[in-house]
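Quick note, the sequence shown lines up with residues 116 to 572 if you use the numbering used here. Each remark here refers to the structure printed beneath this line.
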Amino acid sequence: MAAASVAAIIVVADVALRGFMKFNNRRAEARIMKKIDVEKQDSVKMYRIRRALEELSQKTGRGTELVSVYIPKNKQMHDVIGTLQQEQGTAENIKSDTTRTHVVDALKKVVQRLKLYKKTPERGLAVFCGALPPEGGGPLGSEVVRMWEIDPPKDLNQYLYRCDNHFHVDLLKDMLKDDNMIGFLAIDAKDAGWGLLHGSKVEVLSHTSSGVAGKHRQGGQSAKRFQKLREMQLTYYYNRVAETTRELFIDTYKIKGLIVSGPGPTKEEFVNGSYLEYRLQNMIISTIDSSYSGEEGIREAFVKSGDILSGFRMVEEKKIVDDLIREINARSGLGVYGLSEIVSHLKNRAVKTVIITDDTRLRRVESECNRCHMTREEVVSAEEVIPTETALANNPCPSCSALDTVTRNQDIIDYLQLLAAESGSGIEVVSGTAEHGATLSSIGKIGAILRYNPGHG
116 MAAASVAAII
126 VVADVALRGF
136 MKFNNRRAEA
146 RIMKKIDVEK
156 QDSVKMYRIR
166 RALEELSQKT
176 GRGTELVSVY
186 IPKNKQMHDV
196 IGTLQQEQGT
206 AENIKSDTTR
216 THVVDALKKV
226 VQRLKLYKKT
236 PERGLAVFCG
246 ALPPEGGGPL
256 GSEVVRMWEI
266 DPPKDLNQYL
276 YRCDNHFHVD
286 LLKDMLKDDN
296 MIGFLAIDAK
306 DAGWGLLHGS
316 KVEVLSHTSS
326 GVAGKHRQGG
336 QSAKRFQKLR
346 EMQLTYYYNR
356 VAETTRELFI
366 DTYKIKGLIV
376 SGPGPTKEEF
386 VNGSYLEYRL
396 QNMIISTIDS
406 SYSGEEGIRE
416 AFVKSGDILS
426 GFRMVEEKKI
436 VDDLIREINA
446 RSGLGVYGLS
456 EIVSHLKNRA
466 VKTVIITDDT
476 RLRRVESECN
486 RCHMTREEVV
496 SAEEVIPTET
506 ALANNPCPSC
516 SALDTVTRNQ
526 DIIDYLQLLA
536 AESGSGIEVV
546 SGTAEHGATL
556 SSIGKIGAIL
566 RYNPGHG
């Protein structure tokens with residue numbers, strides 16, 4: 116009876132200790148996640164910024180005549196306009212007639228555009244303008260002054276004016292980098308693995324075996340001697356893991372938080388044994404029970420930490436794709452794929468959310484007859500746009516046989532967003548390079564979750 120009472124007390128104490136540890140974990144999780152700046156981003160807007168920067172990076176002027184202007188969020192617009200007008204006066208002294216004309220024209224266009232702003236946008240503004248050959252190239256003198264305006268993804272705090280033979284886009288590219296890196300350590304007595312959540316992927320960084328003997332005695336060793344030897348091996352192993360963790364997550368990657376996972380009590384022994392450097396100890400967001408350690412444990416911990424890291428874009432993307440695949444596999448009629456089918460459902464207002472990868476690289480080419488206004492359209496890869504436009508322009512209108520047509524092309528994601536806006540649908544652009552992006556690529560890089568099953572009357 117006394118033994119039973121003692122056992123009951125031990126069980127209650129163990130439950131209380133586990134509850135206390137979970138409470139402390141939740142407090143640590145809330146404290147660390149509060150420090151991490153995870154802002155909900157519009158995936159279509161971010162895609163457009165990346166696409167624009169990719170396009171701008173490939174532009175080259177025939178001289179130092181491409182203008183880049185970065186306007187900080189707190190800078191008065193009239194001050195910027197005054198500065199650019201002074202630069203315009205300076206540009207009048209350029210010796211080359213062509214370069215002088217192009218620079219002056221670009222600055223005039225930027226100034227005219229900035230005058231339409233009543234105040235500087237909340238995050239600032241980046242403007243790029245210059246004389247560029249038409250699409251497909253052209254002879255000297257055929258350049259057209261083009262301008263791009265980009266609402267920066269983060270607060271812009273630096274003023275910059277450059278006139279060069281290329282656009283200066285590095286500052287905006289740096290803003291797109293996700294600096295909220297989360298480290299993963301998956302550990303048990305057999306092995307350990309380190310991983311990193313950053314940007315659009317979870318990367319396994321390293322793996323090591325422990326070299327620690329199993330719990331069963333070997334040979335004729337006494338129990339005490341064997342236990343002492345095993346404890347020494349564990350201590351050496353824990354110190355080795357702690358050193359590698361510091362090298363990876365302090366010296367190399369500068370993480371903002373750390374998640375420790377693994378089967379059994381090893382992870383708690385490691386965390387509570389103060390092996391980690393104090394900076395890493397203070398970064399621990401949570402300890403997670405998992406079935407695996409090492410490399411497999413990293414991937415399992417990422418899946419199980421979905422609720423903790425729900426504000427991170429990659430976690431959000433994975434859930435979106437998982438929801439789509441689940442509906443497709445369940446044959447519920449709510450998960451569909453195939454561009455033409457999704458466009459049809461969008462026009463019928465049946466779509467809840469469109470999911471598409473950012474590496475789709477499709478464009479919709481439309482030709483409209485100026486006489487009867489009949490339209491023709493084709494969806495082609497980016498490389499096939501110019502040949503397709505040429506073919507549509509050179510073929511008579513099927514309705515009135517006229518050759519008087521105008522062609523336009525647009526990114527398929529822009530087209531889908533227009534359809535989505537008209538029907539109140541959502542659209543999510545996910546990374547094509549992430550593991551979940553590869554899953555979506557296997558069904559054509561686009562899918563949709565519907566509001567209802569169209570097959571049910």
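Beta carbons: idealized from backbone N, C-alpha and C, even for Gly.
Could you tell me the boundaries of the alpha helix (DSSP H) in which residue i lies?
i      : result
Thr359 : 338-361
Tyr530 : 527-538
Ala221 : 212-229
Ile561 : Counting along the chain, Ile561 falls outside any alpha helix (DSSP H), though it belongs to the beta strand (DSSP E) covering 561-565.
Phe417 : 409-419
Glu170 : 158-172
Glu431 : 428-444
Val386 : 381-387
Arg394 : 393-396
Lys288 : 285-291
Glu483 : Segment 477-484 is the beta strand (DSSP E) holding Glu483; no alpha helix (DSSP H) there.
Thr175 : Note, Thr175: premise wrong, no alpha helix (DSSP H); not H, not E.
Gly547 : Careful: Gly547 lies outside any alpha helix (DSSP H) and carries neither H nor E.
Thr367 : Segment: none, Thr367 is in no alpha helix (DSSP H) and carries neither H nor E.
Pro513 : Taken as a continuous stretch (DSSP letters only), Pro513 belongs to no alpha helix (DSSP H), as it is neither H nor E.
Gly204 : 192-206
Going along the chain, which residues of its own chain have a beta-carbon closer than 6 angstroms to the beta-carbon of residue i, five neighbours each way excluded?
i      : result
Gly448 : Asn568, Gly570
Asp366 : none
Met148 : Here Met148 scores only 48 on pLDDT, less than 50, and its place in the model should not be relied on; the value that follows carries that caveat. Counting only Cβ-Cβ distances below 6 angstroms, and skipping sequence neighbours, we find nothing.
Ala508 : Thr520, Thr522
Ser538 : Leu461, Arg464
Leu349 : Val327
Asn524 : Arg478, Val480, Val500
Ser482 : Arg491, Leu507, Thr520, Thr522
Ser158 : Glu543, Val544
For residue i, collect the residues of the same chain with a Cβ closer than 8 angstroms to its Cβ; drop the 5 residues on either side in sequence, then sort them by chain order.
i      : result
Met296 : Leu311, Leu312, His313, Tyr368, Lys369, Ile370, Lys371
Val495 : Leu477, Arg478, Val480, Thr503
Phe138 : Residue placement at Phe138 is flagged as unreliable, the pLDDT there being 43, under the threshold of 50; the coordinate-derived value follows with that caveat. Nothing meets the Cβ criterion.
Ala497 : Arg476, Leu477, Arg478
Gln573 : Because the chain is modelled from 116 through 572, residue 573 falls outside the range shown and cannot be assessed.
Met116 : For Met116, the predicted structure reports a pLDDT of 47, less than 50, and the residue's modelled location is therefore unreliable. The matter cannot be settled from this model.
Ala517 : Cys484, Asn485, Arg486, Cys487, Pro511
So residue i and residue j are supposed to be a Cβ contact under 8 angstroms. How far apart are they, rounded?
i      : j      : result
Leu344 : Ala357 : At roughly 21 angstroms, the Cβ-Cβ gap does not stay under 8 angstroms, so Leu344 and Ala357 are not in contact.
Glu432 : Ala307 : With a Cβ gap of about 28 angstroms, Glu432 and Ala307 do not count as contacting.
Val317 : Ile413 : 7 angstroms
Leu391 : Thr360 : 6 angstroms
Gly239 : Asp289 : The pair is not a contact, with the Cβ atoms about 14 angstroms apart (cut-off 8 angstroms).
Return the bridge partner residues of residue i from the DSSP annotation.
i      : result
Phe299 : Gly310, Ile374
Asp279 : Leu181
Ile403 : Ser376
Tyr452 : Gly562
His322 : Gly308
Ile542 : Val469
Val316 : Here the sequence assigns Lys to residue 316, which means Val is not the residue at that position. Paired residues: His313.
Thr520 : Cys484
Ile186 : Leu240
So residue i is in the beta strand (DSSP E); what residue range does that whole segment cover?
i      : result
Ala246 : 240-247
Met262 : 259-265
Glu237 : Note, Glu237: premise wrong, no beta strand (DSSP E); not H, not E.
Val466 : 466-472
Glu492 : 490-496
For residue i, I'd like the list of residues in its chain whose CB is within less than 7 angstroms of its CB, leaving aside the five on either flank, ordered along the chain.
i      : result
Ala416 : Phe299, Ala301, Ile374, Ser376, Ile403, Ser405
Asp220 : Ala246, Val260
Ser556 : Thr472, Gly547
Tyr393 : none
Ile265 : Ile164, Ala167, Ala241, Leu287
Ser408 : Ala301, Ile302, Asp303, Lys305, Asp306, Ala307, Gly308, Gly377, Pro378
Ser211 : Gly178
- Three or more beta-carbon pairs under 8 angstroms between the segment 296-307 and the segment 224-234, yes or no? These segments do not touch.
- Check whether the segment 237-246 touches the segment 211-228, taking contact to mean three or more Cβ pairs, one atom from each stretch, closer than 8 angstroms. Between the segment 237-246 and the segment 211-228 there are three or more inter-stretch CB-CB distances shorter than 8 angstroms, so the stretches are counted as touching.
- Task: Evaluate the contact criterion for the segment 458-477 versus the segment 540-560: three or more CB pairs, one atom per stretch, below 8 angstroms.
- Result: The segment 458-477 makes contact with the segment 540-560, as at least three CB pairs between them are under 8 angstroms.
- Task: Mind the definition here: the segment 278-296 touches the segment 178-190 only if three or more C-beta pairs lie below 8 angstroms; say whether that holds.
- Result: With the cut-off at 8 angstroms, the segment 278-296 and the segment 178-190 touch.
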